[in-house]
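Chains as they are written, first to last, in the working numbering: chain A, 60 to 253; chain B, 21 to 122.
Now the structure itself:
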């Protein structure tokens with residue numbers, strides 16, 4: 060079962076104290092600066108909180124950064140996905156390595172930026188609430204390890220049905236979950252990795 | 021790569037940011053620094069900047085050009101090179117460009 064949570068982490072200090080030694084080494088190697096550095100640290104805090112909440116038996120683990128930049132958890136069998144936007148951080152966690160999961164959190168403040176982006180980069184343009192559409196597309200890209208350039212010229216369709224979104228045209232059809240909040244939208248999904 | 025193009029990119033990126041204070045480092049960061057290391061540079065930001073670049077420079081950013089600019093992390097330098105290459109192609113094509121080649 061995949062679990063999802065979004066939190067405002069603006070009150071979490073953006074310094075490296077919460078990190079473990081290996082995570083500090085990764086942070087140093089990435090050469091992140093200023094707000095981007097704080098964002099990265101808070102992302103690790105969000106993942107650590109998710110593991111502690113949903114896998115309380117896990118005692119020795121660390122968050123690793125894959126070459127793609129995506130985080131993973133080493134030392135406990137689980138799959139995670141992380142998304143952040145401003146002060147909001149969303150984590151999806153499945154207690155298995157047999158799933159691919161994706162999550163995207165998109166603040167509604169972007170709505171006027173997203174419409175021109177969708178019109179320019181996808182063949183079908185704006186099909187529904189641009190924030191939901193964008194988060195659904197990003198979620199599928201993330202779940203399948205694709206970069207944003209995969210969207211360029213894409214013929215993908217996104218249809219909303221209640222708390223679900225159906226994405227067609229980026230590989231197999233994907234049925235995703237949509238969580239609406241006044242400040243943001245979270246879309247997440249999972250599929251078998253084999 | 022011209023300093024003028026890099027300077028215009030800095031302005032466009034600041035304008036595309038929902039929180040300009042978070043993007044302030046782009047005003048002075050090295051042109052070869054991955055943007056994702058100096059500021060939160062999300063997909064929305066990245067593609068928003070490309071839309072702004074197309075409007076500002078009158079070019080059409082193709083998928084191969086985008087892939088080249090984003091490979092290994094977008095930098096001001098890579099984006100400026102992309103702009104200048106696409107401007108050069110546009111100039112060679114003349115006034116009737118191939119808008120279908122996106």
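Note that CB positions come from ideal geometry on N, CA and C, so glycine has one too. Here the structure is a predicted model, which means the values were calculated and not measured.
query, result
"Where residue 137 of chain A falls: helix, strand or coil (DSSP)", "coil"
"Three-state secondary structure assigned by DSSP to residue 62 of chain B", "coil"
"Span separating the alpha-carbon of residue 52 of chain B from that of residue 60 of chain A", "43 Å"
"Where the alpha helix (DSSP H) through residue 27 of chain B begins and ends", "23-36"
"Any C-beta of chain A under 8 Å from that of residue 121 of chain B", "Interpretation of residue 121 of chain B is limited by its pLDDT of 45, a score under 50 that renders its predicted location unreliable; the figure taken from the coordinates is listed afterwards. Not closer than 8 Å to any Cβ of chain A, the Cβ of residue 121 of chain B fails to qualify, so no."
"Which listed residue (A:151, A:196 and A:172) has its alpha carbon closest to that of residue 66 of chain A", "A:151"
"Ordered list of alpha helix (DSSP H) runs contained in the region 160-211 of chain A, each at least 4 residues", "170-180 and 189-202"
"Integer-rounded CB distance, given that residue 114 of chain A should sit under 8 Å from residue 133 of chain A", "Between residue 114 of chain A and residue 133 of chain A the Cβ distance is about 13 Å, and since that is not below 8 Å, they are no contact."
"Interface residues of the region 22-44 of chain B facing chain A [CB-CB below 9 Å]", "36, 38, 39, 41, 42, 43 and 44"
"Range covered by the beta strand (DSSP E) that runs through residue 218 of chain A", "216-220"
"For residue 226 of chain A, the first and last residue of its enclosing beta strand (DSSP E)", "223-227"
"Cβ-based burial, residue 215 of chain A [other Cβ within 10 Å; buried from 16]", "buried"
"Residue 161 of chain A burial status per 10 Å Cβ neighbour count (16 or more: buried)", "buried"
"Given 8 Å, three or more beta-carbon pairs between the region 226-236 of chain A and the region 32-46 of chain B", "no"
"Beta-carbon separation (whole angstroms), residue 168 of chain A vs residue 38 of chain B, contact threshold 8 Å", "5 Å"
"Test: residue 83 of chain B CB closer than 8 Å to a CB of chain A", "yes"
"Contacts of residue 50 of chain B in chain A (Cβ-Cβ under 7 Å)", "Residues of chain A passing the Cβ test: none, with the nearest at roughly 11 Å."
"7 Å CB neighbourhood of residue 6 of chain B in its chain, flanking five on each side removed", "Here chain B comprises residues numbered 21 to 122, so residue 6 of chain B is not present and cannot be evaluated."
"Outcome for residue 111 of chain A when other beta-carbon atoms lying within 10 angstroms are tallied against a minimum of 16", "exposed"
"Beta-carbon neighbours of residue 124 of chain A, restricted to chain B and to distances below 9 Å", "What residue 124 of chain A touches in chain B: nothing, since even the nearest Cβ is about 12 Å away."
"Uninterrupted alpha helix (DSSP H) stretches inside the region 72-116 of chain A (no shorter than 4 residues)", "80-89 and 93-113"
"Beta-bridge pairing of residue 130 of chain A - partner residues as DSSP gives them", "A:124"
"Chain B within 8 Å of residue 212 of chain A, Cβ atoms only", "yes"
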